[in-house]
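Per the numbering used here, the very first residue in the sequence shown carries number -16; after that it's consecutive.
The block underneath contains the structure these notes are about, expressed in structure tokens.
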Amino acid sequence: MANMLTVDNIDVYYGNIHALKGASFHVDEGEIVALIGANGAGKSTTLKTVSGMMHPKNGSITFLGEDITRTDSYKLPTKGMSHVPEGRRIFLQMTVMENLEMGAYIHKKLSQEDLDLVFRQFPRLEERRTQIAGTLSGGEQQMLAMGRALMSHPKLMMLDEPSMGLAPILVEQIFDIIKKLHESGTTILLVEQNAEMALQIADRAYVLESGRVTMTGTGAELAASDEIKKAYLGG
């Protein structure tokens, strides 16, 4: 598998707070890679930095062989990267269709082929295409956020806490959708507090603690680790 994303020794600050401390990891083409850790460990900061919303003080980020360390976030979808942020961040006053159209802004016009692809992955969105996004359920809003990101044809999709605030049955649905997106050819970088579910689907995973990568291994290896069970899996 070809290397898609390399994050090398990045330091990220919020003012005087040292949020990421020499963090390094990589994602290969075709993988699901999970970042797990407690609240405040630096998981969301990592995705914001990779997607250009923040810039590291030190270190480098390479995507598809190109240095994107200082690239602004709005340019990255044209390079094949999409970011589904924590809290979904959909346009609540717009319809489902209008939200999807916003996801396709890097293309000259909205493609029916792209819409059909999204609706195959998310049939619920087709049923609600004229509905105001703010009136959707939490699970439907998460589907819309993922569908909007899919409209830009991402090679790498980064998902930040996609199961947050959802009922257990909806969590299972969202993880099933993530697996289907992966099977259709999208590489996934997943930040998720539900470590058990994340490790079940991850090819590889990294553990972040206080801004540092402290452990790495396959999803199965970390799920079997006594240290991980005790810290994150309730075992």
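Even for Gly, the Cβ is constructed at its ideal location relative to N, Cα and C.
Between Ala24 and Glu204, the gap from beta carbon to beta carbon reaches 8 angstroms or more. In the same chain as Arg111, and ignoring 5 residues on each side of it, the C-beta atoms closer than 7 angstroms to its own belong to Val79, Leu119 and Glu123, in chain order. Restricting attention to alpha helix (DSSP H) runs no shorter than 4 residues, the segment 127 to 165 encloses none.
Among the bridge pairs identified by DSSP, Met198 is matched with Val190.
With a threshold of 16 other beta carbon atoms within 10 Å, Ser135 meets it and is buried.
Counting only residues of its own chain and dropping the five nearest sequence neighbours on each side, Asn(-1) has no CB closer than 8 angstroms to any other CB. Counting along the chain, Ala17 sits inside the beta strand (DSSP E) bounded by residues Ile15 to Ile19.
Distance from the CA of Thr201 to the CA of Glu12, rounded to the nearest whole angstrom, comes to 15 angstroms.
Rounded to the nearest whole angstrom, the C-alpha separation of Arg71 and Val33 is 17 angstroms. Excluding residues up to 5 positions away in sequence, Leu30, His66 and Leu172 lie with their Cβ nearer than 6 angstroms to the Cβ of Met141 in the same chain. In the DSSP secondary-structure assignment, Glu49 is bridged to Phe46. If you draw a 10 Å sphere on the C-beta of Gln95, you find fewer than 16 other C-beta atoms in it, and that means exposed. Straight through space, the alpha carbons of Thr170 and Thr45 are spaced by roughly 15 angstroms. It is roughly 35 angstroms from the alpha-carbon of Ala132 to the alpha-carbon of Lys213.
Remark: C-beta atoms of Met198 and Val190 approach each other more closely than 8 angstroms. In this structure Leu(-12) touches Leu139 by the C-beta definition: roughly 6 angstroms separates them, less than 8 angstroms. Cβ neighbours of Arg187 within its own chain (closer than 6 angstroms, five residues either side excluded): Val16 and Thr201.
Phe102 carries a helical assignment under DSSP once its states are collapsed to helix, strand and coil. Distances from the CA of Glu175 to each of Lys58, Thr28, Pro60 and Arg53 were compared; the closest alpha carbon is that of Thr28. About 10 angstroms separates the beta carbons of Phe74 and Ala128, which is beyond the 8 angstroms limit, so they are not a contact pair. Collapsing the DSSP output to three states places Lys4 in a strand.
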